[in-house]
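Structure first, commentary second.
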Amino acid sequence: MSSPEAGGTFTHLNRFEKLSWRPSIRSKKRARWLQARRIFSPNGPNLRIPNRFLREGHCIPPARSGHRCVADSSNLYVFGGYNPDFEEAGGSENEDYPLFRELWRFHFATATWQQVRTEGYMPTELASMSAVFHGNNLLVFGGTGIPFGENNSNDVHVCNVQYRRWNLLNCKGKKPNKVYGQAMVIINGYLYVFGGTTGYLYSTDLHRLDLSTREWTHLKPKNAPLDLPEERYRHELAHDGQKIYILGGGTSWMSYPLDKIHAYNLETNYWEEIVTKPHEKIGTFFIGLIYSLLLLQAGCMYVHGGVVNMSGNRRTASLYKVWLVVPSLLEMTWEKLLKTFPHVTQLSTLQLLSLGLTHSLIQRLK
Numbered sequence: 062m063s064s065p066e067a068g069g070t071f072t073h074l075n076r077f078e079k080l081s082w083r084p085s086i087r088s089k090k091r092a093r094w095l096q097a098r099r100i101f102s103p104n105g106p107n108l109r110i111p112n113r114f115l116r117e118g119h120c121i122p123p124a125r126s127g128h129r130c131v132a133d134s135s136n137l138y139v140f141g142g143y144n145p146d147f148e149e150a151g152g153s154e155n156e157d158y159p160l161f162r163e164l165w166r167f168h169f170a171t172a173t174w175q176q177v178r179t180e181g182y183m184p185t186e187l188a189s190m191s192a193v194f195h196g197n198n199l200l201v202f203g204g205t206g207i208p209f210g211e212n213n214s215n216d217v218h219v220c221n222v223q224y225r226r227w228n229l230l231n232c233k234g235k236k237p238n239k240v241y242g243q244a245m246v247i248i249n250g251y252l253y254v255f256g257g258t259t260g261y262l263y264s265t266d267l268h269r270l271d272l273s274t275r276e277w278t279h280l281k282p283k284n285a286p287l288d289l290p291e292e293r294y295r296h297e298l299a300h301d302g303q304k305i306y307i308l309g310g311g312t313s314w315m316s317y318p319l320d321k322i323h324a325y326n327l328e329t330n331y332w333e334e335i336v337t338k339p340h341e342k343i344g345t346f347f348i349g350l351i352y353s354l355l356l357l358q359a360g361c362m363y364v365h366g367g368v369v370n371m372s373g374n375r376r377t378a379s380l381y382k383v384w385l386v387v388p389s390l391l392e393m394t395w396e397k398l399l400k401t402f403p404h405v406t407q408l409s410t411l412q413l414l415s416l417g418l419t420h421s422l423i424q425r426l427k
C-alpha cells in the first residue's frame, strides 16, 4: 500500500543516497586466506579463498568493476570483479589478482558488510559473468578470467547462501558458447541467457535452461535475420512474465541507444521492437554506465562499485541507493524503525514478535 500524502513529502524519491556502513573507518588489517574443501574432487588440491572479513563490520569489498550484484529481502550480495590497481586488489596476498574470487554480502538492516566464507568450487571466471538469485541459490553463468577473452566459461555454478556451498551444475543439451558480458533472467523455472561475446565475436543467441531437467535449448526465434536484435554484450534483461526486454549494451566500438528496445515474446517466439519515450523532464534517453546495479521488488535501486574515471582507470567501492517509486507505508515504517531503534537486530525472535513484527519482517533482520 502506498501513501498518497507521501508523494509530496518523501524527499528521497529519484535521489541517490550514498550508504555508509558501521564503522565507517575501513580496517587496515591485511587479508587472510582460508583453506576451502573442494567437494567435487576429493583427491584434488584444496582451494585457497580470500577472507577479508576479519571482524564484523570492519571491512568492505575493495573497489571493483565487472562484478555482479544480487539480493534477497535481507542482503545484497556482491560476487567477483576486477581491479588492476595492485594495492586496492589486495596486493601480493590476492592470488587471483587482478580478479576477486570472493562473495560479499551487505546486510540491509544493520548496514554491515561481511565476506561470506563458502565451500566448494567457486568459479574462476570472475569478470563480466551473469548472476541471478533464485530462492536461496545464487546462480552464476559464464564470465571470463585472465587473459580476458581467452579464458571464458559456459558453466552454471550455484551457491546456496544458506549452507554457503558452491556446486557445479551438470547440464545436458546444447550449451551456449563460452562467453562473457551476457545477461540472464529466470521465468517459471527456466533460465534465459541472451548475448555476450567470446572476446572476438558478439552474440545475439538466446538460450534456455530448464532448471528441473538441467537441459539447455538453443531457441530459434521466427524473425527474419534482419529483424533480430543487434549483437551485444554488457546489457541487462528485464521481464514481465510474458516478454523479455533487452536494455542497453553494445560492442567495443559502440553502445546502443534506448530510444528503441527489443522484447522477446515467450508465447509467439518472436522478437518485437518497441519505441520508447524520453524522460519527461530531461527530454533525453538515459545512457549506459559502468557499474553493477539491481532493483528490489519494493522499488529501491542499489548501485555498487564501477569505474569512476575512465582516463585514470579508477574504481570505487561506494554503495548507493535510490527510490524509483514512493515507498509503501510498510517500507517507510521499516526504515524509520531501523534508524530510530538500530539495536532491534539484536533482539530475539520472541521479543520481536512481542513488538508486533511479522515473521517476514523478522526474516529481514537475519
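Using our numbering, you'd call the opening residue of the sequence shown number 62 and step up by one each time.
Glycine is no exception: its CB is placed at the ideal position from the N, C-alpha and C atoms.
Mind checking whether C232 and E186 have CB atoms under 8 Å apart?
Walking along the sequence shown from the start, residue 232 turns up at place 171. Walking along the sequence shown from the start, residue 186 turns up at place 125. In this structure, E186 does not lie closer than 8 Å to C232 by Cβ.
Exposed unless 16 or more other CB atoms sit within 10 angstroms - verdict on G181
Here residue 181 corresponds to residue number 120 of the sequence shown, with the count starting at 1. It counts as buried.
Put D288 into one of helix, strand or coil per three-state DSSP.
Position 227 of the sequence shown, counted from the first residue, corresponds to residue 288. In the structure shown, D288 sits in a helix (DSSP, three-state: H, G or I).
With respect to the alpha helix (DSSP H) encompassing M393, which residues constitute its N-terminal and C-terminal limits?
Sequence index remark: in the sequence shown, residue 393 carries index 332 (1-based). Per DSSP, M393 belongs to the alpha helix (DSSP H) from L390 to T401.
Should M190 be labelled buried (16 or more other beta-carbon atoms within 10 Å of its own) or exposed?
The residue labelled residue 190 in the question sits at position 129 within the sequence shown. Buried, because 16 or more other Cβ atoms sit within 10 Å of the Cβ of M190.
Near K236, what residues of its chain come up, given a Cβ to Cβ distance below 7 Å and the 5 sequence neighbours on each side ignored?
For the purposes of this step, residue 236 is identified with residue 175 of the sequence shown, where counting begins at 1. Only residues of its own chain outside the window of five on either side were considered, and among them N215 and W277 have a CB closer than 7 Å to the CB of K236, listed in chain order.
Anticipated Cβ contact below 8 Å, W395 with G360, distance rounded:
As a first step, residue 395 is located in the sequence shown; it is residue number 334 there, counting from the start. As a first step, residue 360 is located in the sequence shown; it is residue number 299 there, counting from the start. Incorrect: roughly 13 Å between the Cβ atoms, too far for contact.
Of all Cβ atoms in chain B, is any one closer than 8 Å to the Cβ of K400?
Absent from the structure: chain B. Only one protein chain is present.
Between the C-alpha atoms of N228 and L200, what's the straight-line distance to the nearest angstrom?
By one-based count along the sequence shown, residue 228 stands at place 167. By one-based count along the sequence shown, residue 200 stands at place 139. If you take the alpha carbons of N228 and L200, they lie about 10 Å apart.
DSSP state of Q407, grouped into three classes?
The sequence position of residue 407 within the sequence shown is 346, counting from 1. DSSP, read as helix, strand or coil, puts Q407 in helix.
For the alpha helix (DSSP H) that R425 lies in, which residues bound it at each end?
Residue numbering aside, residue 425 sits at position 364 when the sequence shown is read from its first letter. Taken as a continuous stretch (DSSP letters only), the alpha helix (DSSP H) holding R425 covers H420 to R425.
Mind checking whether F77 and Y381 have CB atoms under 8 Å apart?
Locating residue 77 in the sequence shown gives position 16, where the first residue counts as 1. Locating residue 381 in the sequence shown gives position 320, where the first residue counts as 1. Y381 sits close to F77, with the two beta carbons spaced by under 8 Å.
N370 lies in the beta strand (DSSP E); which residues open and close that run?
Taking the sequence shown and counting its residues from 1, one reaches residue 370 at position 309. Here the beta strand (DSSP E) through N370 covers V368 to N370.
Pick from H365, S372, M371 and V386 that is closest to A378, judged by C-alpha positions:
Along the sequence shown, one-based indexing puts residue 378 at 317. The option with the nearest alpha carbon to A378 is H365.
With DSSP as the reference, label S264 as helix, strand or coil.
Taking the sequence shown and counting its residues from 1, the one referred to as residue 264 is at position 203. Residue state, collapsed to three classes: strand.
Please determine if the segment 156 to 167 and the segment 123 to 140 are in contact, where contact requires at least 3 C-beta pairs separated by less than 8 Å.
The segment 156 to 167 vs the segment 123 to 140: in contact.
Say yes only if the C-beta of V336 is nearer than 7 Å to one or more non-hydrogen atoms of the ligand MN, and no if none qualify.
With respect to the ligand MN, the structure offers nothing, as it holds no ligand at all.
Would you mind listing the beta strand (DSSP E) stretches within the segment 149 to 216 that are 3+ residues and don't spill past its ends, in chain order?
Taking only runs of at least 3 residues, the beta strand (DSSP E) segments lying wholly in the segment 149 to 216 are 164 to 168, 173 to 176, 191 to 195 and 198 to 202.
Going by DSSP in three states, S88 sits in which element: helix, strand or coil?
Locating residue 88 in the sequence shown gives position 27, where the first residue counts as 1. Note that S88 scores 39 on pLDDT, short of 50, meaning its location in the model is unreliable and no value can be drawn from it.
Rounded to whole angstroms, what is the Cα-Cα separation between S134 and I207?
Translated into the one-based positions of the sequence shown, residue 134 becomes position 73. Translated into the one-based positions of the sequence shown, residue 207 becomes position 146. Cα-Cα distance, rounded: 34 Å.
For G417, is the classification buried or exposed, using 16 other Cβ atoms within 10 angstroms of its Cβ as the cut-off for buried?
Taking the sequence shown and counting its residues from 1, the one referred to as residue 417 is at position 356. G417 comes out exposed.
At a cut of 8 Å, does the segment 144 to 153 reach the segment 393 to 413 through at least three beta carbon pairs?
No, the segment 144 to 153 does not touch the segment 393 to 413.
Three-way DSSP call (helix, strand, coil) for S415 in this model:
Position 354 of the sequence shown, counted from the first residue, corresponds to residue 415. Reduced to three states, the DSSP call for S415 is helix.
Take the Cβ of D17 as the centre, count every other Cβ of all protein chains shown within 10 Å, and call the residue buried at 16 or more, exposed below.
There is no way to answer for residue 17, as the model of the chain reaches only from 62 to 427.
So for L385, helix, strand or coil by DSSP?
Walking along the sequence shown from the start, residue 385 turns up at place 324. L385 sits in coil when the DSSP states are folded into three classes, being neither helix nor strand.
First and last residue of the uninterrupted beta strand (DSSP E) at H279:
Position 218 of the sequence shown, counted from the start, is the residue given in the question as residue 279. Segment E276 to L280, the beta strand (DSSP E) holding H279.
Comparing alpha-carbon positions, which option in E333, L426 and L357 lies nearest L287?
Numbered from 1 along the sequence shown, position 226 holds the residue referred to as residue 287. When only C-alpha atoms are compared, the closest one is E333.
Roughly how many angstroms separate the alpha carbons of R225 and K427, rounded to a whole number?
Counted from its first residue, the sequence shown places residue 225 at position 164. Counted from its first residue, the sequence shown places residue 427 at position 366. Approximately 15 Å, taken between the alpha carbons.
Check whether the Cβ atoms of V131 and F194 lie closer than 8 Å to each other.
Within the sequence shown, the letter at position 70 stands for residue 131. Within the sequence shown, the letter at position 133 stands for residue 194. Yes, the pair counts as a contact, with Cβ atoms nearer than the cut-off.
May I have the straight-line CA-CA distance separating H323 from V405, to the nearest angstrom?
In the sequence shown, residue 323 corresponds to position 262, counting from 1. In the sequence shown, residue 405 corresponds to position 344, counting from 1. Distance between the alpha carbons of H323 and V405: 45 Å.
How big is the Cα-Cα spacing for A299 and R269?
Position 238 of the sequence shown, counted from the first residue, corresponds to residue 299. Position 208 of the sequence shown, counted from the first residue, corresponds to residue 269. Across the structure, A299 and R269 are spaced so that their CA atoms are roughly 15 Å apart.
Does DSSP put G234 in a helix, in a strand, or in coil?
Here residue 234 is taken as the residue at index 173 of the sequence shown, counted from 1. Of the three classes helix, strand and coil, the one that applies to G234 here is strand, per DSSP.
Backbone secondary structure at I322 - three-state DSSP
Position 261 of the sequence shown, counting from 1, holds the residue named residue 322. Reduced to three states, the DSSP call for I322 is strand.
Around the Cβ of Q176, are there at least 16 other Cβ atoms within 10 angstroms (buried) or fewer (exposed)?
The sequence position of residue 176 within the sequence shown is 115, counting from 1. With a 10 Å radius around the Cβ and a threshold of 16 neighbouring Cβ atoms, Q176 comes out buried.
Using three-state DSSP, classify C331 as helix, strand or coil.
Residue numbering aside, residue 331 sits at position 270 when the sequence shown is read from its first letter. One point to set straight first is that residue 331 is Tyr, not Cys, in the sequence displayed. Residue state, collapsed to three classes: strand.
Excluding the 5 residues flanking Y251 on each side, which residues of the same chain have their C-beta closer than 8 Å to its C-beta?
Residue numbering aside, residue 251 sits at position 190 when the sequence shown is read from its first letter. These residues qualify, in order along the chain: R269, L270, D271 and L272.
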